[in-house]
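To keep things clear, I will list the structure first and then write my remarks on it.
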Amino acid sequence: IKHLRSAADLDAGTATLILDTAAEMAALAGREVKKLPTLRGRTVVNLFYEDSTRTRISFEAAAKRLSADVINFSAKGSSVSKGESLKDTALTLQAMGADAVVIRHPASGAPHRLASWVDGSVVNAGDGTHEHPTQALLDAYTMRSRLGRIDGLNVAIVGDVLHSRVARSNVLLLTTLGAKVTLVGPPTLIPVDIAAALSPGTEPSRGGKPKENRTGVSYDLDSVLAGTDVVMMLRVQTERMQDSYFPSAREYSRRYGLDVPRMRKLPEHAIVMHPGPMNRGMEIAPEVADSSRSTIVEQVANGVSARMAVLYLLLGGKA
Ligand code: CP
């Protein structure tokens with residue numbers, strides 16, 4: 002593949018190749034091989050129109066560990082404030098020789114538009130409420146490294162599904178890799194049509210047979226915990242909440258927050274994930290976030306390996 006705009010760009014074989022390559026990158030780092038010459042002479046541009054800590058830093062670290070030249074562009078402080086369009090910004094980056102553009106943008110679909118304007122590869126680092134495919138890859142990598150597989154896992158994605166690009170990309174990727182995903186949250190933040198739209202449902206697969214529907218919905222967190230291998234808590238996105246009814250923070254936390262008594266309902270082997278940034282005390286209790294079941298810090302570390310794998314395969318031409 003040339004671009005990674007959506008988790009739907011990845012079939013099971015390509016996704017597995019990325020996870021396997023990420024594992025090789027992590028193994029090399031573990032053997033103190035801090036830098037690879039693979040992308041020497043290539044230029045990666047990080048084009049961020051929205052704030053980010055983890056994604057931005059880990060793409061920069063990933064590109065540098067592969068010896069690429071890295072240009073960091075932030076909309077704040079650029080000619081975007083003078084009204085320059087995404088297209089003109091993209092053409093400017095193109096003229097500077099960008100081989101790959103990693104874009105975060107508040108508008109859903111911005112990476113798809115960008116891919117039609119530049120010659121290089123485009124990687125979606127989060128577009129509006131739409132998708133965040135490298136987050137899903139690092140999450141899948143974390144599940145596989147902790148639990149040994151993805152196929153057959155029961156994954157509960159809990160909270161503000163309505164505004165979550167992380168949820169969308171995870172549903173697409175995890176179901177492609179054979180997991181069953183249950184979306185859990187209040188009805189106002191997880192309308193049933195979202196689950197139907199996210200699920201492959203009964204659409205014919207490439208082989209012509211209907212795919213198994215691997216996505217379900219529950220409005221009752223307590224009832225799903227005992228049968229869950231992975232519980233992925235989502236950030237409540239108060240900044241995108243203007244159109245949605247949201248219960249009070251206390252009420253939300255009481256019904257959908259993962260606290261210690263709820264964590265104890267999980268099977269012994271189950272892990273707790275969160276993409277960050279967290280609202281500690283709202284969707285996740287601090288004791289849970291910092292517990293041995295939590296993979297939150299591990300997810301950040303795995304993000305560098307997963308993004309190295311994506312850049313390596315897109316620019317090395319092997320995916
Ligand atoms: N998980 C995630 O995308 O975090 P940032 O917004 O800090 O990049």
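Here full-length UniProt numbering is used: the first residue of the sequence shown is 2, the next is one more, and so on. Note that the Cβ used here is the ideal one computed from N, Cα and C, for glycine as well.
Secondary structure at S292: coil, using DSSP grouped into helix, strand and coil.
Between ligand 1 and the CB of H164, the shortest heavy atom gap is not smaller than 7 Å. Cβ-Cβ distances below 6 Å link L173 to A8, A9 in the same chain, with the five nearest sequence neighbours on each side left out; the list follows chain order.
In the structure shown, E299 falls within a helical segment according to DSSP collapsed to helix, strand and coil. In chain order, R55, S59, L139 place their CB closer than 7 Å to the CB of G304, counting only its own chain and leaving out the 5 sequence neighbours on each side.
Taking S53 as the centre and dropping the five residues before and after it, the same chain places the C-beta of R105 closer than 6 Å to its C-beta, in chain order.
Counting only residues of its own chain and dropping the five nearest sequence neighbours on each side, L29 has a CB closer than 8 Å to the CB of L37. Relative to ligand 1, G277 has its C-beta within less than 7 Å of a heavy atom. Taking C-beta atoms as the reference points, D260 and V289 count as a pair closer than 8 Å. Taking all protein chains in view, the Cβ of P276 is crowded by 16 or more other Cβ atoms within 10 Å, so the residue is classified as buried.
Not a single heavy atom of ligand 1 lies less than 7 Å from the C-beta of T176. Assignment of beta-bridge partners to E132 by DSSP yields D128. Residues of the same chain with a CB within less than 6 Å of the CB of P112, apart from the 5 flanking positions on each side, are R6, I104, V123, N125, D128 in chain order. Along the segment 210-292, the beta strand (DSSP E) occurs as fully enclosed runs of 3 or more residues at 216-219, 231-234, 272-274, listed in sequence order.
For H106, the enclosing beta strand (DSSP E) covers residues 101-106. Collapsing the DSSP output to three states places K77 in coil. DSSP places I58 within a helical segment (H, G or I) once states are collapsed to three. For ligand 1, no non-hydrogen atom lies closer than 7 Å to the CB of S7.
At a cut-off of 7 Å, the beta-carbon of H133 counts as near ligand 1: some heavy atom of the ligand is closer than that. Judged by the Cβ position, T56 qualifies as a neighbour of ligand 1 at the 7 Å threshold, a heavy atom of the ligand being closer than this. Distances from the CB of Q136 to the heavy atoms of ligand 1 include at least one below 7 Å.
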